[in-house]
Amino acid sequence: KDLLNVGRVLRLPTSRTITKLVLPSALPLIFTGLRLSLGVGWMVLIAAEMLAQNPGLGKFVWDEFQNGSSQSLAKIMVAVLTIGIIGFLLDRVMYALQQAFTYSTNR
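Residue numbers (the working numbering): 267 to 373.
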């Protein structure tokens, strides 16, 4: 609401108010939501692979868990570490996009 009032005081057209005031102030929150939902989506994807037996890391972890051999624990640990690294890399990519598209005084 305050940003709309600023746009009125500056006599900006509605489209310019949105592109120059509202959207830049909302982008950090939008990117934060995208980063959080990407992390949750990654966890859900792995869980769905475990349950649905789709080929992927989730199925691999589930099969090794069911196998129960002495080497299964090491394979599961490597798979879980791989899942974590991929999740971390996805977050860093989204963070880099956030830094590229939003203005910050911390640069």
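Built from N, CA and C at the ideal position, the CB exists for glycine as well.
Asked                                                                                                                          : Found
Under 8 angstroms between C-beta atoms of residue 324 and residue 315                                                          : yes
Residue nearest to residue 367 in terms of C-alpha spacing, selected from 341, 285, 309                                        : 285
Runs of alpha helix (DSSP H) wholly within the region 309-354 (minimum 4 residues, chain order)                                : 323-333
Simplified DSSP state of residue 356, which is helix, strand or coil                                                           : helix
Close beta carbons around residue 282, own chain, < 8 angstroms, minus the five adjacent residues each side                    : 273
With 16 other Cβ atoms within 10 Å as the buried cut-off, status of residue 312                                                : buried
Spatial neighbours of residue 308 in its chain, beta-carbon cut-off 7 angstroms, leaving aside the 5 residues before and after : 353, 356
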